[in-house]
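>
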Amino acid sequence: MSRKEEMYAHLEAWKESGLTQKGYCELHAIKVPTFSYWVTKFRDKKNEGSPAQFIPISPTNPVDQKITIEYPNGVKVHLSNTELLKEAIHLF
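Per this note's numbering, the sequence shown starts with residue 1, numbered consecutively.
Below, the structure written as structure tokens:
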């Protein structure tokens with residue numbers, strides 16, 4: 001078993017254990033910084049193929065409410081119709 005496979009098995013076991021990283025490391029004689037390195041390495045690798053993006057959402061029961069968008073320069077946009085929000089987003 002390679003070091004990578006060994007550490008991946010430890011990470012999976014740690015997630016299932018409910019222990020803290022420190023507690024798991026003490027139990028299995030692993031140095032905490034080493035374990036933390038592998039946690040970060042696998043987390044980064046996992047997120048590598050999935051870039052962050054917006055996901056469209058739609059309210060199940062549309063409600064008339066006022067929305068205010070305030071920009072850092074102080075400009076405020078007041079919308080009383082949530083449908084106008086789509087159009088406002090495309091303006092910027």
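Here a beta-carbon is modelled for each residue, glycine too, at the ideal position from N, C-alpha and C.
#1: Tell me whether T40 sits in a helix, a strand or coil according to DSSP, three-state version.
#2: If I measure Cβ to Cβ from K76 and keep anything under 8 Å in the same chain, skipping five residues before and after, which residues do I get?
#3: Rounded to a whole number of angstroms, what is the C-alpha to C-alpha distance between K86 and P56?
#4: Relative to the ligand FMN, is the shortest distance from any of its heavy atoms to the C-beta of K22 smaller than 6 Å?
With the given structure in hand:
#1: helix
#2: T68, I69, E70
#3: 11 Å
#4: No copy of the ligand FMN occurs in the structure displayed, which carries no ligand at all.
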